[in-house]
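A.B. asks: Please find one structure pasted underneath; my questions will follow.
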Amino acid sequence: YNEETVARAADSGANASARFRERMDAQSTGGVVDTERVNHLASRAVKALNDIVLEEKVSYEEYNAFKAWLIRVGEDGEWPLFLDVWLEHSVEEVANEHREGSKGTIEGPYYLEDSPEVPWNGTIPMREDEPGTPFTFTGQVRAVDGSPLPGAKLELWHADDLGFYSQFAPGLPEWNLRATWTANEDGRFEIHTVRPAPYQIPTDGACGQLIEAAGWHAWRPAHLHFKVHAPGHHKLTAQLYFPGDEHLEDDIASAVKPELLLNPQPNPDGEGEITHYDFVLDPE
Ligand code: MBD
Ligand code: FE
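Each residue of the sequence shown is one higher than the one before, starting from 89 at the first, in my numbering.
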C-alpha cells in the first residue's frame with residue numbers, strides 16, 4: 089500500500105472541492121439564501137473578524153500571515169476540509185436540535201452519492217487482501233414509534249486500515265469501503281466490513297500548517313460514516329465510534345457524542361468483531 093502513503097493534501101483537497109461543486113451544481117441553485125439574510129449573516133461575520141482585530145490588536149505581520157494562509161487554503165482545495173472540521177458541527181447542532189430519533193453528527197468532506205448497492209446482509213467492496221479486523225455490524229432501522237422500516241437504505245463509507253478514503257487518496261479501488269445496503273422486511277441489516285483506523289487530516293496542506301502553527305493535533309477517532317433514509321422520514325447522517333479510542337475526547341472535528349459509541353465484541357460465529365446498533369428515524 090505504498091502509494092497510499094504518498095497521499096497529498098492538495099490532491100485530496102482538489103477531489104473534495106470538485107465533488108462538492110458537482111453535488112451543488114446538481115441541486116437547484118441560485119438565490120437559495122435571500123438578500124436580507126445574506127446581509128445579516130455577512131455583516132455579523134465581518135464584524136466578528138473586525139472585533140477580533142481591534143480587541144486583540146492584531147498587527148500587520150499577523151494580518152499578512154492570515155491573508156497568506158487563506159490564499160493557501162484555496163490553492164490546496166482545503167475549504168471543504170477546513171469548514172467541515174471547524175464549523176460543520178455547529179451547523180449540525182442547529183439543524184438537528186429538535187430530532188427525537190437517533191443522534192446524528194457531521195457529514196465531513198468525503199461522502200460520495202450512488203455507492204454500489206449490496207443486499208441487506210452484504211459485504212462492502214474491499215480489496216482481496218484488505219488489511220484490518222473483520223467487522224460485522226447488525227441492527228434495525230425503526231421509526232420513533234418503534235415500527236420497523238423495511239427497505240430503509242443505509243449508506244456507509246469509511247477509511248481503510250491506514251486511514252485513507254477511496255477517491256480521495258491515490259491507489260485505492262474506486263468504491264473501496266463504500267456501499268449502500270437495503271434493510272430487509274423487518275428493517276434489519278447485517279453489514280460486513282473491516283474496522284477503520286483513526287484518521288489524521290492531511291498534515292502537508294493549509295489545515296496542517298494551521299494545526300502545526302497553533303500546536304494542535306490532526307486526529308479524529310476511528311469512525312464509520314452513515315446516511316440512513318426511508319420514505320417519509322428525515323435522512324440521518326451519523327458517525328459511529330469505538331470505545332477506548334485515543335481521540336474520543338479531543339476529536340479535531342468536535343463530532344463525537346456519547347450516543348454514537350459502539351460496543352464491539354469478539355464475533356462468536358466468525359472472524360473479528362461484531363457490534364449491534366439500531367437507527368431511529370424522525371418523521372418528515
Ligand atoms: C474526515 O474523515 C471526517 O470525517 C471529517 C469530519 C473531517 C475530515 C476527515
Ligand atoms: Fe471521516
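Note that CB positions come from ideal geometry on N, CA and C, so glycine has one too.
1. Which same chain residues, not among the five before or five after Gly165, have their C-beta less than 7 Å away from its C-beta?
2. State the start and end residues of the unbroken alpha helix (DSSP H) segment that holds Trp157.
3. On the criterion of 16 or more Cβ atoms from any shown chain inside 10 Å, does Trp304 qualify as buried, or is it exposed?
4. Taking the C-alpha atoms as reference points, what is the distance between Glu143 and Thr224?
5. Pick from Ser116, Pro222, Pro261, Leu260: whose alpha carbon is nearest that of Pro356?
6. Suppose the cutoff is 8 Å on Cβ atoms and the five residues either side in sequence are ignored; what does the same chain contact list for Pro219 look like?
7. Can you list, in chain order, the residues of its chain whose CB lies under 6 Å from that of Arg187, leaving out five sequence neighbours each side?
8. Give the straight-line distance between the Cα atoms of Glu134 and Thr291, rounded to the nearest whole angstrom.
9. Buried or exposed for Ser254, please, with buried defined as at least 16 other CB atoms from any protein chain shown within 10 angstroms of its CB.
10. At the level of alpha carbons, what is the spacing between Glu92 and Pro261?
11. Which residues in the same chain have their Cβ closer than 7 Å to the Cβ of Arg107, if we skip the five residues on either side of it in sequence?
12. Could you tell me which whole alpha helix (DSSP H) segments of length 4 or greater appear in the region 93-144?
13. Less than 8 Å between C-beta atoms, sequence neighbours within five positions excluded: which residues of the same chain meet that for Tyr151?
14. Hey, could you find the ends of the alpha helix (DSSP H) Ala78 is sitting in?
15. When we look at the beta-carbon of Phe314 and count the other beta-carbons within 10 Å, is it buried (16 or more) or exposed?
16. Under 8 Å, do Ala310 and Asp333 count as touching if we go by C-beta distance?
17. Measuring straight from C-alpha to C-alpha, what distance separates Thr363 and Cys295?
18. Exposed or buried, what is Met214 when buried is set at 16 or more other beta-carbons lying within 10 Å of its beta-carbon?
19. How many Å lie between Asp233 and Trp245 at the Cα?
20. Please report the distance separating the alpha-carbon of Pro207 from that of Leu265.
21. Determine which residues share a DSSP beta bridge with Lys315 and list them.
22. Among Thr226, Ala326, Thr268, Asn127, whose alpha-carbon lies nearest the alpha-carbon of Asn351?
23. Using a beta-carbon distance below 8 Å, is Ala231 in contact with chain D?
24. Considering only the alpha carbon of each residue, which of Glu359, Asp139, Leu137, Leu324 lies closest to Glu55?
25. Would Asp172 be called buried (16 or more neighbouring beta carbons within 10 Å of its own) or exposed?
26. Using only CA atoms, which one of His128, Ala271, Ala285, Gly210 lies nearest to Ala318?
27. Tyr89 by DSSP, collapsed to three states: which one?
28. Which partner residues of Gln228 appear in the DSSP bridge assignment?
C.D. replies: Taking the geometry as given:
1. Within the same chain, Gly165 has close Cβ partners Ala98, Gly101, Ala102, Ala104, Ser105.
2. Unbroken alpha helix (DSSP H) run through Trp157: 148-163.
3. Around the beta carbon of Trp304, fewer than 16 other beta carbons lie within 10 angstroms, which makes this residue exposed.
4. Answer to the nearest angstrom: the Cα atoms are 53 Å apart.
5. Of all alpha-carbon atoms in Ser116, Pro222, Pro261, Leu260, the one lying nearest the alpha-carbon of Pro356 is that of Pro222.
6. These residues qualify, in order along the chain: Tyr89, Asp248, Asp249, Leu250, Val282.
7. Contacts found: Asp370.
8. It is Val, not Glu, that sits at residue 134 in the sequence shown. Our two residues, Val134 and Thr291, have alpha carbons roughly 29 Å apart in a direct line.
9. Around the C-beta of Ser254, 16 or more other C-beta atoms lie within 10 Å, and the residue is accordingly described as buried.
10. A caution first: Glu92 carries a pLDDT of 47, below 50, which makes its placement in the model unreliable, though a value can still be read off. It is roughly 11 Å from the alpha-carbon of Glu92 to the alpha-carbon of Pro261.
11. For Arg107, same chain residues with a beta-carbon under 7 Å away, outside a window of 5 residues either side, are Leu200 in chain order.
12. For the alpha helix (DSSP H) assignment, the uninterrupted runs of no fewer than 4 residues enclosed by the region 93-144 are, from N- to C-terminal side, 97-114, 123-144.
13. Scanning its chain for C-beta atoms nearer than 8 Å, with the 5 sequence neighbours on each side dropped, one finds around Tyr151 the residues Val141, in chain order.
14. The structure shown does not extend to residue 78, since the chain spans only 89 to 372, so no value can be given for it.
15. With 16 or more other Cβ atoms from the protein chains shown falling within 10 Å of its own Cβ, Phe314 counts as buried.
16. When the beta-carbon positions are compared, Ala310 and Asp333 come within less than 8 Å of each other.
17. Using only the alpha carbons, I get a separation of about 34 Å.
18. Its Cβ being crowded by 16 or more others within 10 Å, Met214 is buried.
19. So the alpha carbons of these two residues sit roughly 28 Å apart.
20. Between the alpha carbons of Pro207 and Leu265 lies a gap of roughly 15 Å.
21. In the DSSP assignment, the residues bridged to Lys315 are Glu243, Thr325.
22. Distances from the CA of Asn351 to each of Thr226, Ala326, Thr268, Asn127 were compared; the closest alpha carbon is that of Thr226.
23. As a matter of chain content, chain D is missing from the structure shown, which is built from one protein chain.
24. Outside the displayed range of the chain (89 to 372) lies residue 55, so it cannot be described from this structure.
25. Burial is judged here by how many other beta carbons sit within 10 angstroms of a residue's own beta carbon; Asp172 has at least 16 and is buried.
26. In this structure, Ala271 is the residue among His128, Ala271, Ala285, Gly210 with its C-alpha nearest to the C-alpha of Ala318.
27. Confidence in Tyr89 is poor, its pLDDT being 45 and thus under 50, which makes the residue's placement unreliable; the coordinate value appears in the next sentence. Coil at Tyr89, not helix or strand.
28. Paired residues: Arg276.
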